Amino acid sequence: MKNFRCTFEKNQFFLMEVIHNIKNYQPKKPSILTIGTFDGLHIGHQKIIHNLVSKAKKEDLCSLVLTFFPHPRMVLQKDTQLKMIDTIEEKRQLLEKLGVEILIIQPFNREFSRMTALEYTRDILVNGLGISKLIIGYDHRFGRNREATIEDLKHFGLDYNFTVEEIPVQDVESIAVSSTKIRNAIITGHIKKANQFLGRHFLLCGTVVKGDKIGRKMGYPTANILIKEEYKLKPQNGVYLVQCHLYNQKFFGMMNVGKRPTISGKETQIETHFFEFEEDLYGKKLKIELLEKIRDEQKFDSLELLVEQLGVDKKNCQELIPYYL
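Residues 1145 to 1469 (our numbering) make up the sequence shown, in order.
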C-alpha cells in the first residue's frame, strides 16, 4: 500500500487577507486573479493556484482569488441537494496554505447572477478588483445566463487593459479530476480515492458535544462532533480510520458515521474513538482527517456483539496506521 501524504504540508504558512464582498476591497497594486467556486480545492485547482502565486511573485502582482458563497447552484437551482466538500472556513485555510495573498468571498444571489458580461468585466474585474492579469479555464463562462466565453473575456481585456491566460484543455484533462467525482467518491465510501483526487485528506470539522456515553460504558469512549454547516458533505455511513492533531500531537482513531442501529438510534451521528487518548474534549473544535473506510454500518443483535466487533475494528485500524506515519 502506498503511503499517502498531504501536499499542503510542504507549503509555508502565512496570513492571508480575507474580504467579504468585492465592495469592501481597495486595490493597493495591480493583481493577478483567478475565479471559481473551488469546491474541494483538489489537485486540479491546486495547479491553478500554484501558477497564480508563482506568477504574482515573479511579476510583482497581488495574488487574488475570487470565490462565491453560497455556491451558485444552491441559489439558481432551488431544488438542489448539493453539498460542499469544504466549508467556506476550510477553503479559506487551504488557500492560505497555498500562499494566496487575498481571498474575496463574494455573496452570490440572483441580483449578482443577472449582471451582463460587460457589467461583470467592467464593474467587478476592472473597477472593483483592478486586475492586470486573469488566469482562467478554457471552458469558463460568465455573465447573465453564462452568456460569454473566454474569447469574449479576451476581447474585454483588450478594451480594459488586462491580459487573459487560458488554462489549456490538455492541462485540465490530464489531471482528470473534478469536484463531482470527489463528491461521489465520498458519499460512496471511497475515501482513499477521494483523498488521491484532493491531494490531501478529506476533513470533518466540528465541536465536541456531549452524547449518551454509551461508548464509554462499552470501553470505547468517543468524541461526538457537531458540524454546524448544514451544507457540508458527509461521508457514507460506516467506520473509518482517522487522524487528528490534539495538543500538538497526531492521534489516530476510528470514526463511526451513522444512526447506530444496534441501539435503535434515529439521527446520524459522527463519533470518534481516539487510540491512546483519554482527555476531556468537550467544547473543543476538532479537525478530523478521514484516511480510509474500514466497514459499512451494521446492526448487531446485542451490545456484546457490537463490543466484539469494535475490537476487530480497532485491530484493523491499528494494522493500517504504520502506512500513515
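Think of the CB as a built atom: it goes at the ideal place given N, C-alpha and C, for glycine as much as any other residue.
Because the structure is a prediction, the values reported are computed rather than measured.
Assignment of beta-bridge partners to His1389 by DSSP yields Lys1394. When the five nearest sequence neighbours on each side are left out, the beta carbons in the same chain lying within less than 6 Å of the beta carbon of Thr1406 are those of Lys1443, Phe1444, Leu1450, in order along the chain. Contact annotation, Cys1349 with Leu1430: C-beta distance approximately 7 Å; criterion of less than 8 Å satisfied. Three or more Cβ pairs drawn from the segment 1356–1369 and the segment 1406–1421 lie within less than 8 Å of each other, which places the two stretches in contact. Cβ contact annotation for Tyr1364 (same chain, cutoff 6 Å, sequence separation greater than five): His1417, Leu1454, in chain order. Only residues of its own chain outside the window of five on either side were considered, and among them Ser1207, Leu1242, Gly1243, Val1244 have a CB closer than 7 Å to the CB of Val1197, listed in chain order. Contact between Glu1373 and Thr1211 fails: their C-beta atoms lie close to 16 Å from each other, not under 8 Å. Shown here for Ser1276: same chain residues with a beta carbon closer than 7 Å to its own, the five before and five after excluded, namely Pro1174, Ser1175, Ile1176, Leu1205, Phe1306 in chain order.
Glu1161 and Ile1246 have their alpha carbons spaced roughly 5 Å apart. In this structure the segment 1250–1257 does not touch the segment 1221–1229; the number of beta carbon pairs closer than 8 Å is below three. Proximity of the segment 1335–1343 to the segment 1181–1195 meets the contact definition, three or more beta-carbon pairs being nearer than 8 Å. Nearest to Cys1388 by alpha-carbon distance, out of Thr1181, Ile1465, His1299, is Ile1465. In this model, Ser1322 and Ile1432 are separated by some 23 Å (Cα to Cα). Closest option to Asn1328, judged by alpha-carbon separation, among Glu1291, Ala1261, Met1228: Met1228. Nearest neighbour of Gln1462 by Cα position, chosen from Ala1338, Thr1265, Glu1441, Met1398, turns out to be Met1398. As a beta-bridge residue in DSSP terms, Asn1368 pairs with Val1353, Glu1415. The residue among Leu1385, Lys1428, Lys1191 with its C-alpha nearest the C-alpha of Val1353 is Lys1428. Within the same chain, Met1259, Thr1260, Ala1261, Tyr1264 come within 7 Å of Gly1287 by CB-CB distance, once the 5 residues on both sides are set aside.
Proximity to Gly1359 across Glu1422, Phe1346, Val1386 peaks at Glu1422, based on C-alpha coordinates. Listed in chain order, the alpha helix (DSSP H) elements of length 4 or more contained wholly in the segment 1181–1231 are 1187–1203, 1216–1220. About 16 Å separates the CB atoms of Ile1326 and Tyr1384; that is not less than 8 Å, and the two are not in contact. Annotated as distal: His1194 and Tyr1375, with beta-carbon spacing of 9 Å or more.
Taking all protein chains in view, the Cβ of Glu1233 is surrounded by fewer than 16 other Cβ atoms within 10 Å, so the residue is classified as exposed. Listed in chain order, the non-local C-beta contacts of Ile1280 below 8 Å within the same chain comprise Thr1178, Ile1179, Ile1294, Leu1297, Val1308, Glu1309, Glu1310, Ile1311, local neighbours out to five positions each way being set aside. Taken atom to atom, the span from the alpha-carbon of Asp1267 to that of Gly1355 is near 51 Å. With a 10 Å radius around the Cβ and a threshold of 16 neighbouring Cβ atoms, Arg1404 comes out buried. If you draw a 10 Å sphere on the C-beta of Val1456, you find fewer than 16 other C-beta atoms in it, and that means exposed.
Nearest in C-alpha terms to Val1270, of all of Ser1408, Lys1167, Gly1409, is Lys1167. Residue environment analysis places Lys1410 among the exposed positions, since fewer than 16 neighbouring C-beta atoms fall within 10 angstroms of its C-beta. Closest in C-alpha terms to Ile1438, from the list Leu1469, Gln1380, Thr1181, comes Gln1380. Residue state for His1164 is assigned as strand, using DSSP reduced to three classes. Per DSSP, the continuous beta strand (DSSP E) segment holding Ile1176 begins and ends at 1175–1179. Rounded to whole angstroms, the separation of the alpha carbons of Val1386 and Phe1396 is 6 Å. Residues Ile1438 of the same chain have their beta carbon placed closer than 6 Å to that of Asn1460, with the five preceding and five following residues left out of the count.
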